[in-house]
Structures are given as C-alpha cells and as structure tokens.
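Chains as they are written, first to last, in the numbering used here: chain A, 791 to 1309; chain B, 241 to 438.
Below, the structure is given as structure tokens:
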C-alpha cells in the first residue's frame, strides 16, 4: 500500500471517507493524482469485527456530543451520523432511489428553498447510471416513477420481507402503486472492477448496524479499495483540527491529530467531506470560507414519520433488507390541484432491529412497566412504514458553535431544528395515508413515531458568492483550493435518501476539478 | 396474536451453534457473564434508587437473575461517554442524571414525606408518571426538562435491558443467529432455528 510523508506536497487531502469523500478519492487516484484521505474514525474488518448486536456496533456512530436545540431537536448518534473508514455508509440502510428532476427545482416550482445550480440530465443522471452499475444496486427492471433510465439496475430486487409484503397488500387495496425498492445491497454475487467478487446479501436485516458480509455497498468495500488500488493512502484515526495557509489565504497543509500526535500534511488542494455537521463545524472553528456568514445556515432534515403496527402474521422484523418496498405516488401528492405544502415524499416499508424499536417505543410512546413488556412481547408481529420527505430550509434552523468544549477541547456544535408549516402539513398528510395503508393491511395497535432523518445543508452550493458557500463544482468562493463534497452543499433536501446523490455530486466535483486542472 | 416467550435457554443454546458468528457470540456471552460492579459515579443511594426505578420501568421475572442496567450507565457517566447528542435544554449528562434522580427524591418528599425508595410500588408509579409528564411538584427541573430527562433516561435503560440475551429470549428474538443466511424472510416464513411462540 502506498504511503506519503507529511512533507510530500500531495495533490489532494480528502477529509472524510463517507459517501462524499470516498468516490472522489477513488476518482482522483484513478487519474494518477497523489492523494491522502484523513478519516476521524478507525478501520475495522467487518467480516471479523462486526457483531449482529446493536450495542456492540455503537462504534459506528459519531459519539462526540452535539447539542440539539429548537422545538423538534434532531437526534444524532445512531440516527444521523457516522465514523470510521466508510463514514455513515457503514450504517446506511442502503436505500438508493434517484432524486427526480423537480426535486432540484423547488424554487421554480414552489418558490421555496433554492434551485440546484446543476442540470439534472447532464450533471447528475449520468453519475446515477455509473454508480448503480459500479455499486451493484439491486432494483426492479421497470421502475414506475421518474425519467426512464438508460440501463436497468444491474441486479434484480432483493426478496420482500414481511413489512414489504404488508405494505404491498395495504397499498394494493387503496390503489397506491408500489415497487420493490432500489437497494445498494447485492441480490447476487457481483464482480466489481478494481475490487473483485462481492458476495450476495444474506438478509441479515442489520444494514443500520453494519454489514458483515460485504454485500451492502458501503464505501469500505467499494470506492475505498478502488482508491487504494490506484495508490490512495487512507489514514484512519486522524482528526483534522485546522489548516496552514499562505499569505494569499490558500491552504498549504492540513493539520490533524492521530494517536495524540499533531501532524501537518502538505497539499495543494483540500476536499472537505466530513458531513453536514463536522464540515461547517471545522470551518466555523477556524473562521474559514465564511465571508458571507452562510456557513452553518440552511439546516434541513427529512421528515421521516414512521407508522408502526402489529399484525396477526409472523413478521419477524429482523429479517431481510429493511426497506424492501417503495412508493413514489406521493412524490407530488397534489398534482393537478393546488398544493397545501411544497414538495413531496416517498413511502417505504421498514423492518426494524429490536433495540432500535424498543428505544423508539420509549421515546415515542413513553411506554414503561408491564405495558412496555407486553408491547415488546409482540415484536415478532411488528412492521413499519415511513416517509422520506423534502424538508425545507428556514432562517430559524442553523448550526452554531456552543461555549461547551468536548474531550478534544473543541466547541460542541449546537443545531437548531424546528419544523415549519410545510413539514407539519406534510407529516399530517403522510400520517393519514400511512394509517390507511396499515389499516387496509390489517394492522392493530397502530402508533406514530415522528422523527427527522439525514441532516442536510449548512454549506450551500450556488451561483452567487453572496448566498452560497461553494459554487456548483463544490469549490469555496473564499478559498480557491478548498472544495466541499458532502450533503452540506445540498441547496434543497430532496424527497429521497441522500446517499446516491452525495456520491453523484462527489464524482462530478472530482471530474470538474480534474478538467480545470488539465486546462 | 401470540405473545412470544421462548423456552428458557433458547438463545444461550443458539450461541453455541454455527448460526452465530464469533464476534456476535463474544458480545453476547460477555454480556451474559457480566457481574454488577461497584458504582463509581452514582452514590450508593442513587444506585439504589435507580435499581428500584428500573424494577418499575421494566419488571423482571423472578425466575432468573435480574439483568443489571445500573452498572453500564454508571460506567458511561464515570467515563464521561456520550451517545452523540443531548437535548440542549438539559445540562451535561452527569449533571442531568444527578439532578434527574434527585428529582424523584424531591417529588417523593414533597408528596409523601419520605424517600422514593421507601414508597410502595403504586406510589412509585404515580411519581414516575408525574416526572414523565413534567407535573411533579418539588423538583428543580422545568416541566419540559423533566419530560426530556425522563425520555432520555427511559430510552437508555430500555436499550440496555433489551440488549441482554435473557431479555431477548423473553420476547422471541433470535436475530443474532443469522449464519449462514435467512432464506425464509416473508410473512409466516420461519427457519428451523426460529421457534414459534410457546
């Protein structure tokens, strides 16, 4: 494996190895660049180190404390964060629907959020196509929503588990179309360029606590080995604290702490890919790239309301890909009529691991005593359905540095999140539909768990240096050799899970960077 | 619909089979073998209170040794470990726990003139409900702080309790036995190693 000295002036340092960093790292390495990735978390061998046990897997989460403020405080830790070589993809659910073109034009369609400064068909769609085939996404041959894809998914869908079958049954009665979902987990063995064979999913149902068989396309089994095969160096347990800069303000070295020692890696370009909390936090701590005061603004989260129910059938919610079924019939639920909220959402069936489920019953229903024991005794009959909706940016939702220091001596981030009218109306709309679906499917003891998933925004990309932190290529307006590649740059949150789009933007940022460099 | 209760020993027997990976076996066996430790963070009174509180929050069968949830919380707080976030309106975890547990004592004194640990089960349940709703008198938390603290505390305690193989056995969970794979994943489809309800 190739290594560099900290005094070598490498072409690029990539901070973070999740969905924003790893694809870009591989692309730059493939182009022959000398690249080093700094990852705050550690590197493990999933086949040996991962247990099928939620508590034992807590090392996958970013467990440095964040302060959650506002009327709808966001949960972090297991919900919205990740660490380790592979970042949050180590515990993403692998749900990989494409955004639709109108997701990126919320300003044009509804006068809210901001349009994306890129063109869906030329800037995003080709990367979706490339990613689906590189990652080995399992999905239906005929996907009912969005523009027709150039090529089918490379693998057939994964088998439907109990929750997926129940949602299929409920939706069929109500005339709602459904489809097996696109999931970045292999329904069959798959050969991947630069990597070799990856084995098929064993239906462990444990995606959100780490895949131990390499079937899920997390970065550690896809873009990271590809990057290494082309000479990239990955340094785990390397926590970036600051930067050295020259008299023009350009970054000359990335300063990081590894095993208690401080190092300075010299470089010509930096790609900051630490996610929508750590990316703005690092910039705010160092007062960088923020001449217009936009860093930390526009915090968004996906309305992710869940509806749970108990069924007569044996469901066994621990088995099978958790999000087996999808419907995007609610993508624009008021098409043709005047909408009472902007945007839309997707519907998804959900299996659930037991500790996650009981924790939600504690928080969402406040159950304790015999009522809790009784409810948990019906765990094997539980199935869920949830939405993933477009959450809007508001002035009142932002990230700032608090006065409290963490164990590293750095200020803890404080994140304000309060639903707006749009989120309230969307959740109300979705709750009725989901309760109807579950009722049609035969559910009893139905209950709702309001939640938000995926923190997004905080370093918006756009055309104007007055309103955005980076341009459409991810390049900082203030510091030309600093790029951002992660979900912090999203101008709107999309009505789909973000991972596939983060990766698409990462590849595009790498390609644009390489193009400019070769000029 | 049937409630689940597996034959006693189901999970422990599965742990010794090839259906469980070495990493999974080690995590669960360590938990099974773990003995309660002397509190480092909690005072003996606080630890006693939390034991009694836990017994009301999730009553345990008296047919097996009780699962200890106090030691893991104590260990976390003594080492200032976090789960990644906290409600901004609450103080830091060690202070929140101290203040929160003290709130049960304060509310018990205000209403019954004696410590929480000397109340009967029904009285304890009344106070637990009031703390949960933010309506308890005599405590230093605001109503919203009281609700949030209770929610956080309950979520942490139930996560610890239901992570234990003995508790998992009692609600019919064998998801840890996932080798070599699950093929029968649809409704009413069981593998041989997934017992039906007793």
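Yeah, the Cβ is synthetic: ideal placement off N, Cα and C, and Gly gets one too.
Asked, Found
"Continuous alpha helix (DSSP H) assignments of at least 4 residues falling wholly in the segment 1010–1091 of chain A", "1013–1019, 1065–1075"
"Contact set for residue 1225 of chain A: own chain, Cβ-Cβ below 7 Å, skip 5 residues either direction", "1097, 1236"
"Touch test, the segment 1032–1049 of chain A against the segment 845–853 of chain A, Cβ-Cβ under 8 Å, three pairs minimum", "no"
"Validate contact between the segment 265–276 of chain B and the segment 398–412 of chain B using beta carbons, cut 8 Å, 3 pairs", "yes"
"Best match in A:1231, A:1152, A:1056, A:1230 for proximity to residue 387 of chain B [C-alpha to C-alpha]", "A:1152"
"Contact list for residue 872 of chain A against chain B, beta-carbon separation under 7 Å", "By Cβ distance, chain B contributes nothing, its closest Cβ being about 10 Å from residue 872 of chain A, past 7 Å."
"C-beta neighbour in chain B for residue 940 of chain A, strict 9 Å", "no"
"Where residue 1157 of chain A sits in the DSSP three-state scheme", "coil"
"Cutoff 9 Å: residue 418 of chain B Cβ touching any chain A Cβ", "yes"
"Check whether residue 1310 of chain A and residue 1131 of chain A have beta carbons under 9 Å apart", "Any answer about residue 1310 of chain A is impossible in this case: the structure gives chain A only from 791 up to 1309."
"Own chain partners of residue 989 of chain A with C-beta closer than 8 Å, once the 5 adjacent residues on each side are dropped", "976, 979, 1003, 1004, 1005"
"Pair within 9 Å by beta-carbon distance, residue 1288 of chain A and residue 1203 of chain A", "no"
"Uninterrupted alpha helix (DSSP H) stretches inside the segment 912–977 of chain A (no shorter than 4 residues)", "915–925, 952–964"
"Span separating the alpha-carbon of residue 1207 of chain A from that of residue 247 of chain B", "46 Å"
"Within chain A, partners of residue 386 of chain B - CB distance below 9 Å", "Here the premise fails: no neighbours, minimum Cβ distance about 12 Å."
"Assigned secondary structure, residue 1097 of chain A (DSSP; H/G/I helix, E/B strand, else coil)", "strand"
"Best match in A:1283, A:806, A:1031, A:1248 for proximity to residue 1094 of chain A [C-alpha to C-alpha]", "A:1283"
"Through-space distance from residue 1082 of chain A to residue 1298 of chain A, alpha-carbon basis", "25 Å"
"Proximal chain B residues relative to residue 866 of chain A, where beta-carbon distance stays under 7 Å", "324, 325"
"Touch test, the segment 964–972 of chain A against the segment 829–843 of chain A, Cβ-Cβ under 8 Å, three pairs minimum", "no"
"For residue 897 of chain A, the three-state DSSP class (helix, strand or coil)", "helix"
"Whether residue 1323 of chain A touches residue 812 of chain A by CB criterion (9 Å)", "Since the first residue of chain A shown is 791 and the last is 1309, residue 1323 of chain A is not available in this structure."
"Same chain, Cβ closer than 7 Å to residue 940 of chain A, neighbours up to 5 away in sequence not counted", "919"
"Length of the line joining the Cα atoms of residue 932 of chain A and residue 1148 of chain A", "37 Å"
"Sub-9 Å separation of residue 1139 of chain A and residue 954 of chain A beta-carbons", "yes"
"Beta-ladder partner(s) of residue 1205 of chain A, from DSSP", "A:858, A:1189"
"Buried versus exposed call for residue 964 of chain A [16 or more other C-beta atoms within 10 Å across all chains shown]", "exposed"
"Buried or exposed by the 16-neighbour rule on C-beta atoms within 10 Å, applied to residue 791 of chain A", "exposed"
"Residue 1198 of chain A classed as buried or exposed, judged by whether at least 16 other C-beta atoms fall within 10 angstroms", "exposed"
"CB contact below 9 Å: residue 842 of chain A versus chain B", "yes"
"Distance CB(residue 1087 of chain A)-CB(residue 1248 of chain A) smaller than 9 Å", "yes"
"Neighbourhood of residue 913 of chain A by C-beta, 7 Å cutoff - its chain only, sequence neighbours within 5 removed", "1298"
"Residue 761 of chain A to residue 1074 of chain A span [Cα, whole Å]", "Since the first and last residues shown for chain A are 791 and 1309, residue 761 of chain A lies out of range."
"Neighbourhood of residue 255 of chain B by C-beta distance below 7 Å, restricted to the same chain and skipping five residues each side", "265, 268, 269"
"Endpoints, alpha helix (DSSP H) assigned at residue 1300 of chain A", "1289–1308"
"Contact set between the segment 1079–1112 of chain A and chain B, restricted to residues whose Cβ is under 8 Å from the partner", "1100, 1101, 1102, 1103, 1104, 1105, 1106, 1108, 1109, 1110"
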